[in-house]
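The sequence shown begins at 84 in my numbering and counts up by one.
Below: one structure, written as structure tokens.
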Amino acid sequence: MVMVDLHCHLLPETDDGSKSMEISLRMAHEATENGVTHALLTPHHMNGRYVNHKQNVIQRTKEFQKQINAHNIPLTVFPGQKVRINGQLLEALDKDDILFADTAGKYMMLEFPDDDVPHYTNQMIFDLQQRGIVPVIVHPERNTKIMSEPDLVYQLLQKGCLSQITASSYVGTFGKKVENFSRQLIEAGQGYVFASDAHDLPGRKYEMQQAFEKMRREFGTKLVYEYKQNAQLIINGENVSMNEIKVLKRRKRFRILI
């Protein structure tokens with residue numbers, strides 16, 4: 084059965100992910116043990132620290148696939164980027180320096196800063212959508228701004244964005260708060276796909292299988308199928324059905340009176 088991972092950092096020596104080809108090949112093997120058959124390689128791009136130009140990623144992905152094949156690992160990889168929202172994004176699109184999740188250029192894996200949703204986000208989303216691009220918001224469950232103001236992601240989803248929840252977030256690797264918020268997003272229909280966001284070993288490893296098993300227990304087989312199917316639709320550039328989403332209540336802030 085096909086399983087697509089839309090977000091991982093397996094490409095060696097490219098960003099804060101894998102530091103060597105040896106580690107990348109071990110992670111590729113681990114991906115297949117988790118049931119992954121196809122992986123979109125998404126090194127950071129334009130995040131203030133890393134710039135991974137389109138043609139460089141394409142070339143390095145071809146080289147990595149050759150090594151994967153040489154080691155008889157049954158994994159197919161595709162070139163991609165995790166694009167940080169920024170003021171130069173439209174210019175980078177005009178220069179053809181952006182990679183999408185699909186070859187048709189429909190789905191963009193879009194990242195926010197860890198603790199913010201920039202003030203120009205709505206305008207940027209509008210501009211991208213005017214170009215026929217569907218932003219896929221990566222790991223909103225780990226964004227501290229969104230955790231405190233969940234309406235932010237709700238509004239983006241209402242506008243037609245999709246969202247990707249990190250498998251490790253849902254199984255508790257990033258702590259109980261992130262785990263609980265992941266569950267709330269899923270329950271409210273505010274998630275569309277799982278992805279590994281695998282970075283390195285032994286730390287940021289693959290936990291896709293555990294996430295799907297947990298989802299099956301908590302939400303049923305139908306949702307597991309939908310998440311897997313959505314990932315295939317995205318990488319194939321096909322339409323994803325929009326969820327009926329519910330509003331999450333804003334977290335209450337408490338003060339201790341003394």
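Cβ atoms here follow ideal geometry from the backbone N, Cα and C, with glycine treated the same way.
Keep in mind that this is a model prediction, so the values were computed, not measured.
Its Cα nearest to that of L176, the residue R214 stands out among Y310, R214, E270. Taking C-beta atoms as the reference points, T125 and L89 count as a pair closer than 9 Å. The Cβ-Cβ distance between M291 and G118 falls below 9 Å.
In this structure, the alpha-carbon of M230 lies about 23 Å from that of V217.
In the three-state reduction of the DSSP assignment, Q212 falls in the helix class, which pools H, G and I. Taking all protein chains shown into account, G303 has fewer than 16 neighbouring C-beta atoms within 10 Å of its C-beta and is therefore exposed. Annotation for Y190: the continuous beta strand (DSSP E) segment containing it runs 190–194. Counting along the chain, the unbroken alpha helix (DSSP H) around S252 starts and ends at 250–253.
In the three-state reduction of the DSSP assignment, A122 falls in the strand class, which pools E and B.
Linking V276 to A153 through their CA atoms gives a straight-line distance of about 30 Å.
Counting along the chain, no beta strand (DSSP E) covers I141; the unbroken alpha helix (DSSP H) around it starts and ends at 137–153.
Of all alpha-carbon atoms in N313, E194, Q247, the one lying nearest the alpha-carbon of G131 is that of E194. V140 has its alpha-carbon roughly 20 Å from the corresponding atom of V219. DSSP lists H121 as the bridge partner or partners of T159.
Rounded to whole angstroms, D179 and G243 show a C-alpha spacing of 24 Å.
For A314, the CB contacts under 6 Å within the same chain, skipping 5 residues up- and downstream, are V87, L89, V276 in chain order. In terms of CA proximity to K165, M129 leads the group E146, Q150, M129. If you draw a straight line from the Cα of I317 to the Cα of S246, it is about 11 Å long.
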